[in-house]
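Visitor: Pasting in a structure now, in structure tokens, and then I'll have a few things to ask.
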Amino acid sequence: MPALLEVEELRVRFETHHGTVRAVDGVSLELAAGETVGLVGESGSGKSVTSLALIGMIPVPPGVVEAKRIAFDGRDLLALAPDELRRIRGNEISMIFQDPMTSLNPFLTVGRQLSEVLEVHKGRDRREAWRDSARGLGDVGIPNPERCLDSFPHELSGGMRQRVMIAMALLCEPKILLADEPTTALDVTIQAQILELLKELQRRYGTAIILVTHALGVVAGMANRVYVMYAGRIVESAATGALFARPHHPYTEGLLRCLPTLRGDGAARLAAIDGQPPDLAALPPGCAFRPRCGYAIPRCEAEVPPLTPATLAAHAAEANARRSACFSSAALAAGAPAGAEMGRA
Ligand SMILES: Nc1ncnc2c1ncn2[C@@H]1O[C@H](COP(=O)(O)OP(=O)(O)OP(=O)(O)O)[C@@H](O)[C@H]1O
Ligand code: SF4
Ligand SMILES: [Mg+2]
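Just so it is clear: in the sequence shown, position 71 is 822 by the working numbering, and no numbers are missing.
Rendered as structure tokens:
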């Protein structure tokens, strides 16, 4: 199936007083129609900047955005005039922003905000737009849509606000939904409800989703494939099941170890990866993960590992979907423990 979205070597840098921050450094990804992919990584790894760059929402300056290609549904997004891109944004590609206040205006009622989307993008008149907005709120499980339309965002609970944002993002039945941490601010029960809701709406409308999250657990039941980001790069990509069964990158292995597990006494235990993410304005030479890596070998200090397909015969069938950027990937794929590499640095 041809990809609905193809991104080749996206780069975003910010010129700041502290130097050049390379927030996204050569990210390539693909999304097929109706598919869900996860974009996962720690805070500051470049997930939001990647999503915002796809819809032309990086502030320039201080940002500089470059890419070899961003193709959406047969169109080259980089070649579009700003007003053509604006027509696609919120209509064919829409986004649930990490910061709710980027989506919702605190001074306007929910009804005004939703109906305006339909008036601008679909040319509906006010009455039709109001009626379809109420239907959209009903679709996301809001019990009294009419009352919600008359409310201001601060009058709603966090879970309701998140539902309103999902309704707004899906009003125009987009082909792609960029969902940036759609459940992070919510408690666990509501998180599960919102993820179920996204799945159901995807089934109904066939929307493809890029699910952006720092929590690998969130993508487990949602995504067909996962891209793992570290320091502005994709360091591993794989089908979700294969990634969880055996990570090929030490960072992914670390993220998996951080999934909450239940102790014998029933309490949740949350591990963290040792060390800090690197300063994107002053990356060390070689592999950016090296200072935190238990598999490092001398080569890691001198060369940046490229993202390459899986090589082990056992993984040949996955090779196209499975890539990792690590000189010790073969050892991980074979199940070697950390520190087992010869000449460990
Ligand atoms: N406008 C900006 N000016 C300067 N630096 C920026 C700007 N926007 C983002 N950055 C930097 O780009 C890097 C990537 O940020 P991004 O918001 O994409 O991280 P993230 O992976 O979404 O993290 P989080 O999980 O915390 O949301 C960070 O170092 C951030 O400080
Ligand atoms: S083994 Fe080397 S290349 Fe792989 S993640 Fe560790 S430091 Fe990077
Ligand atoms: Mg973010």
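Note that beta-carbon positions come from the ideal geometry of N, C-alpha and C, so glycine has one too. These numbers come from a predicted model, not from an experiment.
Let me check one thing: in DSSP terms, what residues is G814 bridge-paired to?
Guide: F765
Visitor: At 3 residues or longer, what runs of the beta strand (DSSP E) sit wholly inside the segment 757-805?
Guide: Runs of the beta strand (DSSP E) inside the segment 757-805: 770-782, 787-791.
Visitor: What would DSSP say about G1017, mapped onto helix, strand or coil?
Guide: The predicted model places G1017 with a pLDDT of 49, which falls under 50 and marks its position as unreliable; any figure quoted below should be read in that light. It is coil, neither helix nor strand.
Visitor: Taking the alpha carbon of A974 as the reference point, which residue from P1049, I1024, A1087, K950 has its own alpha carbon closest?
Guide: K950
Visitor: Can you list, in chain order, the residues of its chain with a C-beta nearer than 6 Å to that of R914? Leave out the 5 residues immediately preceding and following it.
Guide: V891, I893
Visitor: In its own chain, which residues sit with a C-beta less than 7 Å from the C-beta of E760, not counting the 5 before and 5 after it?
Guide: G777, S779, A818, K819
Visitor: Within a Cβ cutoff of 6 Å, which residues of the same chain sit near V815, ignoring the five residues on either side of it in sequence?
Guide: R764
Visitor: Within a Cβ cutoff of 7 Å, which residues of the same chain sit near V970, ignoring the five residues on either side of it in sequence?
Guide: Around V970: G789, V791, L962, T964, V977, T991.
Visitor: Which term fits T1059, buried or exposed, when burial requires 16 or more other beta carbons within 10 angstroms of its beta carbon?
Guide: exposed
Visitor: Does the pairing of the segment 872-887 with the segment 935-946 give three or more beta-carbon distances under 8 Å?
Guide: no
Visitor: Unbroken beta strand (DSSP E) runs of length 3 or more, entirely within the segment 976-1014: which are they?
Guide: 976-981, 984-990
Visitor: So the beta strand (DSSP E) M1169 belongs to, where does it begin and stop?
Guide: Coverage of the chain is limited to positions 752 through 1096, which leaves residue 1169 absent and any answer about it impossible.
Visitor: At what residues does the beta strand (DSSP E) containing A822 begin and finish?
Guide: It spans 820-823 - the beta strand (DSSP E) in which A822 sits, taken as one unbroken run.
Visitor: Decide if L1010 is buried, meaning its Cβ has at least 16 other Cβ atoms within 10 Å, or exposed.
Guide: exposed
Visitor: Can you name the start and end residues of the beta strand (DSSP E) that I960 belongs to?
Guide: 959-964
Visitor: My understanding is that L888 touches A918, with C-beta atoms under 8 Å, so please give their C-beta distance in whole angstroms.
Guide: 5 Å
Visitor: How is I809 classed by DSSP in three states: helix, strand or coil?
Guide: coil
Visitor: Ordered along the chain, which non-local residues of its own chain (more than five positions away) have a Cβ less than 6 Å from that of Q1097?
Guide: Residue 1097 lies beyond the stretch modelled for the chain, which goes from 752 to 1096, so this question has no answer here.
Visitor: Quick check: the Cα distance between E924 and D1025, rounded to an integer number of angstroms?
Guide: Using only the alpha carbons, I get a separation of about 42 Å.
Visitor: Pull up the DSSP beta-bridge partners for T1059, would you.
Guide: S1075
Visitor: Cutting at 8 Å between CB atoms, please list the residues of its own chain near M980, excluding the five before and the five after it.
Guide: V778, L790, V791, G792, S796, G797, K798, T801, V986
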